[in-house]
Structure formats: C-alpha cells, structure tokens
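Notes for the one structure printed next.
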Amino acid sequence: MNMYLFDREKLSHITAVVLLLIAVQIIAVAEYFGVTNRKENSFPNLQACTQEAKQCPDGSYVGRTGPNCEFALCPSVALCEGGECAKTVIAQDETSDWNTYRNEKYGFEFKYPRDWLSD
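Each residue of the sequence shown is one higher than the one before, counting from 258 in this note's numbering.
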C-alpha cells in the first residue's frame, strides 16, 4: 500500500510539471503572436523623414515635415502666403569705398573716408 501511494504521488508531481510546462508554452506562443501583431499595427500610417535641411533665401534653414516629407516653407514665404509681401530693400554699404587703415603690430583696423585728411 505504501508503494501505491508513492507511485500516485510521483505521478501527480509529474502531471503538475507537465501541465505547468504546457501552460508556459501556451502563454509564450500567445505573447509572441500578440506582440508581433501589435508591432505591425502600432503606427500603420507613420513615415520617417530624412534629417535634411534646406537653406532659405533669408539664411534660415527648414527641415522636412508632413506625411509626404516635403520641406517646410521658408519663414519669409510662409509669412507672405495668401497675400503680397513688401520686397526687401538691401541697403548698400556706405563705407564700401572708404580706405582701410590696418595696424598689424597692435592687431586693429578701421575705415575712413577717402577725402578725410589728418592735420
């Protein structure tokens, strides 16, 4: 009778271990397919844009944006969109025709008018 209990007890331990392994396998398979499915459908319409930059006429830079990864409008163009913008007048440098004095020893320079005379 004692031998019968030992076999029955051993059998119940083996059954418990087998059931535990089957349960772990079922959970692992379900999790694998669940995670795979979630990864595929997490962001279905998301597209990555390259990190390029375009230099605008005003010297600023814009990057790619939007669903088609097009360059954003330059600030000057974006402000004028839908209407006319005043044209930018570039001022001429009034000192462009001046003479330049440069002192190499002390490391400085300055501009002065051509008709400027020192006494």
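From the three backbone atoms N, C-alpha and C, an ideal C-beta is built for every residue, glycine too.
Every value quoted in this text rests on a predicted model; they were computed, and no experiment measured them.
Identify which residue in T322, A310, Y369 has its Cα closest to the Cα of E236. With the chain represented from 258 up to 376, any question about residue 236 goes unanswered, as that position is not in the structure.
DSSP three-state assignment for M258, whether helix, strand or coil: As a working note, residue 258 is residue 1 in the sequence shown. Residue placement at M258 cannot be trusted, given a pLDDT of 49 that sits under 50; the coordinates are not used to answer.
Over the uninterrupted beta strand (DSSP E) stretch that includes N360, give me the two end residues. Taking the first residue of the sequence shown as 1, we reach residue 360 at position 103. N360 -> beta strand (DSSP E) spans 356–360.
Residues in its own chain within less than 6 Å of G320 by CB, not counting five upstream and five downstream? Counting from one through the sequence shown, the residue named residue 320 turns up at place 63. Excluding positions up to five away in sequence, the list reads A310.
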